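In our numbering, the protein residues as written are 52 to 560. Inspection log for the structure reproduced underneath, given as structure tokens.
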Amino acid sequence: MRFTELLAHLPAPVVASGEAEIVSPVTDRAQDVQPGGVFVARAGAVTDGHDLIPLAVSNGAAAVVGERLAAQVNCPVPYAAVPDAKATLGLLAAAYHAFPSRKMIVIGVTGTDGKTTTVTLIHSILMAAGLRAGMINTVKAVLGDAEASTGLHVTTPGAPEVQGYLAQMASAGLTHCVLETTSHGLAQGRLEGVDFDVAVLTNVTHEHLDFHTTWEAYREAKARLFWKLSQTARKPGQCKIAVINADDSSADYFAAIPADQHLLYSVDSLHADLRAEHVVVTPDEVRFCVGKSLQVCSRLPRFNIPNLLAAVGVGIGLGIPAEAIARGIADAPPIPGRMERIDEGQSFLAYVDFAHTPHALRQALGTARELVGPGGRVIAVFGSAGLRDPAKRRMMAEVAAALADVTVLTAEDPRTESLDAILEDMAEGCRQGGLVEGDTFFRVPDRGEALYRAVQMARPGDLVIACGKGHEQSMCFGAVEYPWDDREALRAALHGTPLQTLPTARQQG
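In structure tokens:
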């Protein structure tokens, strides 16, 4: 493809200062440029990509796209100036791969909590229906016969990676893709160039206000997925469908965004299109009916009923038979790090969960209360990430004060913030909730030591739950990601050997 041919796919006319043959993908990472590729220079929070143009060219960039005028940059290869490099990146990456999302039905799932679970359930339903489906979620990308890790702390990969994954799916002959879409990913343009057919909302609760500043801006970022239904290409015979949680306070806001079909699901509302009726919960499963023809049975906890309904809504919207929907839900694999039980023969229950928001922690601890034996205690171990929404620190501590018997506060990706300061914010939330330090709550900065202390406190019939890290494979101290897995750490603690956090949390604090 010629550089000018690639630029012709942008919505506004763009003039290039030369011509080049493009034989490698588009990227915004100068260090990842391949010979014959295109480098998109954009201003980031820390680094301005325009300053990295010499590095990109030395790595073989055949052309560069940026936001500055050509006269303002020192670029020895063909260059094009655009008003918004962030949005341009995804469109150019899609064009390079011949717009792979236009060859598939694409389902996007957004919301504060439950995205990964909902994506996994939808993918399982599609597979049960005999469809060739891929997915991209927090844990992995399923590309057909191949799989790929999607990163350490990034839920929605960058635009070039998203388009590359979609291209692999299209080449493998897949007909459907389920995509986990975060507010960050939508706001930062990582989903530009993706043509969505179905948009799903799980919920909108307190999270990421450090990035979005206001709750309204956070909600609007998620709404971009729903606006994309009417703004992106249509595919033959496929209508645009919005699947919305009617129990969420933002339901009317999302339902007002244009779509060919709106499906509202609910646990409580009598006016929703899809309702969970005749709910039966046992220690091993949850069962309920949707309408007269669909009986749902799942191994997931009660708090996942909204996610189950969302997946059912997608299945119904796509015309999948009830039998395939029910089979897909029943056969859905366990989601790593989501109420994942750790059993090393101990006399009490132990779980790892990804809950890292006040709402998700409330759900996880509520489930723990249901699982704990008579007279047993819930012992919760969690932290709050640095350089993220600080308001939720006290809120999460207050949730634990209400629902856990013992709370252990510890490290969770402190990054460049003071861990001691983070823990003090959380300790204040515990005190406000009536807890007493040294009795009903503890501060143990090193996460491995915190898990060890928790299991040492546990008695037969108790339940220990580690929240916040879930499936993640690293923990960030400073600017470095150190290997870390809560599941391995909890197993080590159960065997009497604390798995030390690297670097030790005490040193970092």
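Yeah, the Cβ is synthetic: ideal placement off N, Cα and C, and Gly gets one too. As the structure is a prediction and not an experimental result, all values here were calculated from the model.
Exercise. Contact between the segment 94–110 and the segment 78–85: three or more CB pairs below 8 Å?
Worked result: yes
Problem set entry | For Ala431 and Ala556, the rounded distance between their alpha carbons | Reliability fails at Ala556, whose pLDDT of 47 lies under 50, so the model's placement of it is uncertain and the value that follows must be treated cautiously. So the alpha carbons of these two residues sit roughly 19 Å apart.
Exercise. Could you give the uninterrupted runs of the beta strand (DSSP E) lying entirely in the segment 337–380, keeping only those of 3 residues or more?
Worked result: 337–341, 345–349
Problem set entry | Cα-Cα separation between Asp324 and Lys343, rounded to whole angstroms | 13 Å
For this session: Per DSSP, which residues does Pro534 bridge with? Please list them.
Result: Ser525
Exercise. Which first and last residues belong to the alpha helix (DSSP H) in which Val213 is found?
Worked result: 210–222
For this session: Alpha carbon to alpha carbon, how far is Leu359 from Asn296? Give it in angstroms, no decimals.
Result: 11 Å
Exercise. Where does Lys286 sit, in a helix, a strand or coil, going by DSSP?
Worked result: coil
Problem set entry | Inside the segment 412–482 only - alpha helix (DSSP H) runs reaching at least 4 residues | 442–454
Exercise. Taking the Cβ atom as the reference point for each residue, do Thr491 and Val515 lie within a distance shorter than 9 Å?
Worked result: no
For this session: List the whole-angstrom C-beta distance separating Ala179 from Arg378, where the pair is believed to meet the contact cut-off of C-beta under 8 Å.
Result: 4 Å
Exercise. When you compare each of His522, Phe247, Tyr304 to Ser281 by their alpha carbons, which one comes out closest?
Worked result: Phe247
Exercise. Name the DSSP bridge partner or partners of Cys228?
Worked result: Val157, Gly185
Exercise. What are the partner residues of Phe492, as DSSP defines its beta bridges?
Worked result: Thr458, Glu488
Problem set entry | Three-state secondary structure assigned by DSSP to Asp83 | helix
For this session: Entirely within the segment 387–416 and at least 3 residues each: give me those beta strand (DSSP E) ranges in chain order.
Result: 400–404
Exercise. Distance, Cα to Cα, Ile156 vs Leu230?
Worked result: 11 Å
Problem set entry | Nearest-angstrom beta carbon gap, Cys518 and Leu412 [assumed within contact, 8 Å] | 6 Å
Exercise. So does the segment 417–424 actually touch the segment 438–447, counting three or more Cβ pairs closer than 8 Å?
Worked result: no
Exercise. Looking at the C-beta of Ala306, does it have a partner C-beta in chain B at a distance below 9 Å?
Worked result: Protein chain content of the structure displayed is limited to a single chain, and chain B is not contained in it.
Exercise. If we count Cβ pairs, one from each stretch, closer than 8 Å, do we get three or more for the segment 358–377 versus the segment 483–503?
Worked result: no
For this session: Can you tell me the Cβ-Cβ gap for Gly185 and Val193, rounded? I've got them flagged as a contact below 8 Å.
Result: 5 Å
Exercise. Apart from the five residues just before and just after Ala436, which ones in its own chain have a Cβ nearer than 6 Å to its Cβ?
Worked result: Glu463, Asp464
Problem set entry | Neighbour-count burial assignment, Ala544, 16 or more Cβ in a 10 Å radius | buried
For this session: Assign Gly141 to one of two classes, buried (16 or more other C-beta atoms within 10 Å of its C-beta) or exposed (fewer than that).
Result: buried
Problem set entry | Burial state of Thr408 (16 or more Cβ within 10 Å) | buried
For this session: Look at the Cβ atom of Gly159, then the Cβ atom of Ala114, and state whether they are nearer than 9 Å.
Result: no
Problem set entry | Inter-residue Cα distance where the pair is Cys527 and His329 | 44 Å
Problem set entry | Identified DSSP bridge partners for Cys518 | Asp404
Problem set entry | CB of Gly236 within 9 Å of CB of Pro76, strictly | no
Exercise. Using CA coordinates, which residue listed in Arg538, Phe305, Glu475, Ala145 is at the minimum distance from Glu391?
Worked result: Arg538
Problem set entry | Nearest-angstrom Cβ-Cβ length linking Ala67 and Leu61, presumed shorter than 8 Å | Contact doesn't hold; Cβ gap of about 11 Å is too wide.
Exercise. How is the alpha helix (DSSP H) around Gln507 delimited, first residue to last?
Worked result: 498–508
Exercise. Alpha helix (DSSP H) containing Phe54: first to last residue?
Worked result: 54–58
Exercise. Which word fits Thr98, buried or exposed, when buried means at least 16 other C-beta atoms lie within 10 angstroms of its C-beta?
Worked result: exposed
Problem set entry | Beta-carbon spacing of Val332, Val347 below 9 Å | no
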